[in-house]
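For the sequence shown, this note's numbering gives the first residue as 104, with consecutive numbering after it. The beta-carbon is built from N, C-alpha and C at its ideal position, and this holds for glycine as well. See below for the structure under consideration.
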Amino acid sequence: MLKNISVLVVEPGDNAASEVAAFFKEQTEASIFQAKNSTEALEFINNNRPVELLVTDLFFPDKSGLDLIRKGIAINPAMVPIVVMPPGGRQHVVESLQAGAYFYIHTPIYQQEILEVVKNALEYQKLLAQSLQHKPRLRKSDGFAGIIGESRPMKKLFEIIERIAGNSEGNVLLKGESGTGKELVARAIHDLTPERNKYNFVPLNCAAIPEELLESELFGYEKGAFTGANRAKKGRLAHADKGTLFLDEIGDMKANLQAKLLRVLQEQNFEAVGSVKTTQIDVRVIAATNRNLEQAVADGIFREDLYYRLSVVPITLPPLRKRTEDIPHLVQKFLLMYNRGRKNVPLGFTDQALQRLKAYDWPGNVRELQNLVQRMCILHGGDTVDVASLPQRFQDLGDPADNSEAEKQNNISEDLDFHAMTQEFENQLILKALRMAEGNKKEAARLLNMKRTTLLEKIKKRHLEVKI
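Take a look at the structure:
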C-alpha cells in the first residue's frame with residue numbers, strides 16, 4: 104500500500120507522532136522522513152522531493168501545527184496532512200480541519216486505525232493531485248494563507264501585500280465588506296514578513312468581546328486587579344510581541360480604549376490592568392473594519408489621531424461581485440477542502456452552474472460562497488452540481504446574460520422547514536434593529552429586548568452585518 108510514497112513525520116521525539124513514525128518504518132515500504140519541529144519541516148517541504156503525506160502533532164515550541172499545515176499546503180497543495188492529537192478538544196479538531204488537515208488520529212495510537220486513515224488519505228491524495236494538474240496555475244502568493252485570485256483587483260492586492268511584507272514597520276488598515284477575507288490578508292502579510300513571521304500572529308475581534316472585558320483581553324491583568332482575577336493573565340499585546348496583532352472590527356472599539364491603544368502605538372509600551380509596570384513591545388498592528396471609519400471620525404465616534412496611526416497603509420479589499428472571474432478558482436479551492444468529508448465520489452460544479460454563481464451579487468462575499476460549497480458537499484447526493492441543484496435564489500436569476508437587478512437581489516431560501524423560516528425571520532429582525540441603531544449593537548440589543556452577549560453571538564455565528 105505504501106510503496107513509492109514520501110511521508111514526513113514531524114515530532115520532537117517525545118510525543119505520539121513518534122509512534123506513528125516507528126509504525127511506518129517497521130510496517131511499510133514508504134520513504135519516511137522526520138523533522139523535529141515545524142521550521143525544519145517547512146524547510147524540508149520547500150527544498151526536497153514532493154511529500155504525499157504529512158503526519159504532525161499540533162503543538163511545537165517554535166510554532167503551532169496549524170501554521171505548519173497552512174504553510175505546507177501553500178508550498179505543496181497536493182500534500183495531505185494528518186494530525187495526531189490527544190482525545191477530546193473538539194475545538195482543536197475543528198481548527199485542524201479548517202487549516203487543511205485531511206483527518207486526525209487520537210491517542211493512544213492503534214495500528215489498524217493508522218492503516219485505515221492512511222489508506223483513505225492516499226486515495227484522496229491521488230484525486231487531489233489529478234485535480235491540481237487541471238487547475239490554472241496561480242502565483243505563489245495566491246495560495247498563501249488561503250487567498251485565491253487571478254483577477255486584476257486581486258493581482259493588485261497581492262502586489263501591495265508583498266510590498267508591505269518587505270518592511271516590518273508600518274501599521275495597516277484593511278477596509279472592505281464583511282466576508283471579503285480581511286483576516287486572510289492580515290495573515291498573509293504576517294507570514295510574508297521575515298522579521299515577524301517567526302513570532303505570533305494574534306487575532307482579536309473587538310466586536311465579539313464585551314466592552315468591559317476587552318481591555319483586560321488586550322492588555323492582560325495582574326492577580327487581584329478586579330473581582331475574579333485569581334491569577335495574572337497575559338494579554339494579546341504581550342503575546343503579539345515582535346509579531347502581529349490583528350484587531351478585527353476596530354470600528355466597534357469604544358473611546359476610552361481607543362485612547363489607550365493610541366498610546367501603545369505611539370510609545371510601543373503598555374501596562375497590564377492593575378499593574379504599574381510598563382512593558383516594552385515591538386508589534387505591528389493590522390486593523391480591519393467593514394464600517395466607514397472616515398465618517399466615524401467626522402461624526403466624532405472614532406479618534407482622528409488613532410485613525411491616522413492605524414492607516415499608515417490603507418487597503419480596500421474588493422467585494423466578490425467585483426472579481427467574479429475568481430469564482431471558479433474559489434469554488435475549486437473550497438471543493439478541495441470539503442470533498443474530504445464526503446464518503447462518496449468528490450463533488451464538482453458544471454460550467455452552467457458556475458455561470459449562475461458568477462451572475463449572483465454575493466452580499467456575503469467569499470464567506471457566502473464558501474458556505475454554499477460546503478452545503479453542497481454535505482447535502483448533494485450526486486457527483487455533479489448543475490443549475491437545478493443550486494438553491495432557488497440562483498435558479499431565479501434566469502439567463503446570466505440578461506439578469507435584472509431585482510432578480511439579483513432575490514435571496515429567498517429554498518428551505519421551507521419551520522426552523523429555517525423562523526431563523527430567517529429572526530435574522531431580519533436583528534438586521535432591522537442594527538439599522539435602526541446605526542450599527543450600535545448595545546442599542547440594537549435593547550430594541551430587541553435581548554441580552555447583548557446573545558445578540559453578539561447570533562451576529563457572529565450567522566454573519567449578520569449592516570452597512571452604515
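Listed in chain order, the non-local C-beta contacts of residue 452 below 7 Å within the same chain comprise 434, 488, local neighbours out to five positions each way being set aside. Distance between residue 428 and residue 439, taken at the CA atoms: about 19 Å.
Assignment of residue 487 by DSSP, reduced to helix, strand and coil, places it in the strand class.
Collapsing the DSSP output to three states places residue 324 in a strand.
Residue 309 and residue 353 have their C-alpha atoms spaced approximately 6 Å apart. Taking C-beta atoms under 8 Å as the contact rule, residue 391 and residue 351 qualify, at a distance of about 5 Å. Cβ contact annotation for residue 349 (same chain, cutoff 6 Å, sequence separation greater than five): 289, 306, 389, in chain order. Straight through space, the alpha carbons of residue 426 and residue 338 are spaced by roughly 38 Å. Considering only 276, 416, 347, 133, the residue with the shortest C-alpha distance to residue 294 is 347. The Cβ neighbour count for residue 565, taken over all protein chains shown within 10 Å, is under 16; the residue is labelled exposed. Contact between residue 149 and residue 178 holds, since their C-beta atoms are separated by about 5 Å, short of 8 Å.
An exposed status is given to residue 255, since fewer than 16 other beta-carbon atoms sit within 10 Å of its beta-carbon.
Taking C-alpha positions only, residue 167 is separated from residue 198 by approximately 11 Å.
Between residue 260 and the set 147, 323, 419, the nearest pair of CA atoms involves 419.
If you draw a straight line from the Cα of residue 558 to the Cα of residue 225, it is about 44 Å long. Cβ-Cβ distances below 8 Å link residue 365 to 406, 408, 409, 412 in the same chain, with the five nearest sequence neighbours on each side left out; the list follows chain order. When the beta-carbon positions are compared, residue 469 and residue 282 come within less than 8 Å of each other. As DSSP reads the structure, residue 451 sits in a beta bridge with 487. Judged by their CB atoms, residue 111 and residue 162 are not nearer to each other than the 8 Å cut-off. Straight through space, the alpha carbons of residue 201 and residue 219 are spaced by roughly 22 Å. Residue 324 counts as buried, since at least 16 other C-beta atoms from the protein chains shown sit within 10 angstroms of its C-beta. Straight through space, the alpha carbons of residue 232 and residue 108 are spaced by roughly 13 Å.
Residue 328 places its beta carbon less than 8 Å from that of residue 377.
Residue 156 and residue 221 have their C-alpha atoms some 8 Å from each other.
Bridge partners of residue 160 according to DSSP: 187. Residue 530 and residue 284 have their C-alpha atoms some 22 Å from each other. Residue 302 and residue 486 have their C-alpha atoms some 43 Å from each other.
No residue range can be given for residue 371, since it is assigned to no alpha helix (DSSP H) and is classified by DSSP as neither H nor E. Under the three-state reduction of DSSP, residue 293 is assigned to helix. Considered as a whole, the region 372-438 harbours 396-401, 407-413 as its complete alpha helix (DSSP H) runs of no fewer than 4 residues, in chain order. Relative to the Cα of residue 542, the nearest Cα in the group 276, 404, 382, 300 belongs to 404.
By the Cβ neighbour-count rule, residue 331 is exposed, with fewer than 16 other Cβ atoms within 10 Å of its own. Put simply, the backbone Cα of residue 554 is about 27 Å away from that of residue 474. In the DSSP annotation of this structure, the continuous segment of the alpha helix (DSSP H) that includes residue 141 starts and ends at 141-150.
Only residues of its own chain outside the window of five on either side were considered, and among them 292, 295, 296 have a CB closer than 6 Å to the CB of residue 268, listed in chain order.
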